[in-house]
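A.B. asks:
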Amino acid sequence: MLFALHFTLVHCLWFYSSRIQSYPSHSLSRVRAHAVFQHTFNLWSRVVNLDFVEEKDYYKPADIVIRFGAGKHGDSIPFDGAG
Numbered sequence: 133m134l135f136a137l138h139f140t141l142v143h144c145l146w147f148y149s150s151r152i153q154s155y156p157s158h159s160l161s162r163v164r165a166h167a168v169f170q171h172t173f174n175l176w177s178r179v180v181n182l183d184f185v186e187e188k189d190y191y192k193p194a195d196i197v198i199r200f201g202a203g204k205h206g207d208s209i210p211f212d213g214a215g
């Protein structure tokens, strides 16, 4: 998961946009992945002063980009297994 350092203040809440950019192949459906992340962001919003909104336009920047990947990913630390 990547976190960008871009902040926007909206209605006295810290506002973050998010996007799921890729999905696991067979282990988790797209519908289930969206439900899990939406539930998680809603839980965070209840206890901290943050509001999360999904950015549906692929070409607009998002503050939080979620990717599921395999293999080498650009640093010296390998993935930790099947997931």
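Here the numbering used here is used: the first residue of the sequence shown is 133, the next is one more, and so on.
Every residue, glycine too, gets a C-beta built ideally from N, C-alpha and C.
These numbers come from a predicted model, not from an experiment.
Can you say whether residue 196 is buried or exposed, counting buried as having 16 or more other CB atoms within 10 angstroms of its CB?
C.D. replies: Here residue 196 refers to the residue found at position 64 when the sequence shown is read from its first residue. Per the 10 Å Cβ criterion, buried.
A.B. asks: Use the C-beta contact count for residue 150: other C-beta atoms within 10 angstroms, 16 or more gives buried, fewer gives exposed.
C.D. replies: As a position in the sequence shown, residue 150 is number 18, starting the count at 1. Buried, by the Cβ-count rule.
A.B. asks: DSSP has residue 149 in a bridge; who is on the other side?
C.D. replies: Walking along the sequence shown from the start, residue 149 turns up at place 17. In the DSSP output, where bridge partners are listed per residue, residue 149 has 185.
A.B. asks: Residue 116 to residue 208, Cα distance in whole Å?
C.D. replies: What the structure shows of the chain is the stretch from 133 to 215, and residue 116 is not part of that stretch, so it cannot be assessed.
A.B. asks: In whole angstroms, what separates the C-alpha of residue 124 from that of residue 172?
C.D. replies: Limits of the chain in this structure are 133 at one end and 215 at the other, which puts residue 124 out of reach.
A.B. asks: How far does the beta strand (DSSP E) with residue 83 in it reach, from first residue to last?
C.D. replies: With the chain represented from 133 up to 215, any question about residue 83 goes unanswered, as that position is not in the structure.
A.B. asks: Are residue 122 and residue 154 closer than 9 Å when you measure CB to CB?
C.D. replies: Within the shown structure, residues of the chain are numbered from 133 to 215, placing residue 122 beyond reach of any answer.
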